[in-house]
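So for the sequence shown, the working numbering puts the first residue at 15; every next one is plus one.
Every residue gets a Cβ at the ideal spot worked out from N, C-alpha and C, and that includes glycine.
Notes for the one structure printed next.
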Amino acid sequence: MSAYPATPREEHLSVLRANLAPDNTGLWCPRGWVALSVATHRALQRVDPNYKIVGIKEKFGRLVFSADSYTPQARAIITYAENLSCHICQNCGAPDAGSVTAGWIATLCDGCTVYPSEPRRGY
Ligand SMILES: [Zn+2]
């Protein structure tokens with residue numbers, strides 16, 4: 015048991031981890047999209063209770079949610095979530111975010127945008 019209580023983000027990630035397929039590609043979910051990913055997971059469980067998450071990642075500023083369910087309802091839920099991610103800041107989860115290109119493509123709100131003149135560190 016950790017000396018520190020789990021943060022909501024960690025609790026949410028543990029919900030997603032618990033439903034990973036054995037041959038998953040990992041959870042590389044930006045923190046701003048964790049709530050969206052959990053909501054997507056919950057919706058998928060309703061239409062396919064036995065589905066597993068194959069992987070979650072960001073690509074070109076967009077959520078990529080891979081699941082082993084191929085029902086039309088599951089595909090619609092995933093497509094909706096992936097499209098919605100293009101409007102949610104991948105860093106803080108704020109709505110009304112847009113695509114930012116600064117050597118890479120990211121979906122960021124104005125507050126999280128770092129302009130090219132300001133070097134980013136830690137990436
Ligand atoms: Zn933000």
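Item checked: Through-space distance from H26 to A49, alpha-carbon basis -> Sequence index remark: in the sequence shown, residue 49 carries index 35 (1-based). Sequence index remark: in the sequence shown, residue 26 carries index 12 (1-based). The alpha-carbon atoms of A49 and H26 are separated by roughly 7 angstroms.
Margin query: Here's a check: name, in chain order, each residue in its chain whose Cβ is nearer than 6 angstroms to the Cβ of A108, leaving out the five neighbours to either side.
Written below: Here residue 108 refers to the residue found at position 94 when the sequence shown is read from its first residue. The residues are C123.
Margin query: Using only Cβ atoms and a threshold of 6 angstroms, which residues come within that distance of a heavy atom of ligand 1? Order them by chain position.
Written below: C103, N105, C106, A108, L122, C123, G125, C126
Checklist line | P86, DSSP secondary structure in three states | finding: Locating residue 86 in the sequence shown gives position 72, counting from the first residue. Helix, per DSSP.
Item checked: Heavy atom of ligand 2 within 7 angstroms of L30 beta-carbon -> Absence of ligand 2 from the depicted structure is noted, with ligand 1 being the only ligands included.
Note to self: Quick check on DSSP: helix, strand or coil for P109?
What the structure shows: Indexing the sequence shown from 1 puts residue 109 at position 95. Residue state, collapsed to three classes: strand.
Note to self: Out of L41, A111, P36, Y65, which one is the CA nearest neighbour of E24?
What the structure shows: In the sequence shown, counting from the first residue as 1, residue 24 sits at position 10. The candidate whose alpha carbon is nearest that of E24 is L41.
Next item on the list: Examine chain D for any beta-carbon lying closer than 8 angstroms to the beta-carbon of C126, and answer yes or no.
Entry: In the structure shown, chain D does not exist; there is a single protein chain.
Next item on the list: For N33, name the three-state secondary structure that DSSP assigns.
Entry: In the sequence shown, the residue the question calls residue 33 occupies position 19. N33: coil per DSSP, three-state reduction.
Item checked: S10: first and last residue of the uninterrupted beta strand (DSSP E) it sits in -> Outside the shown range of the chain (15 to 137) lies residue 10, about which nothing can therefore be said.
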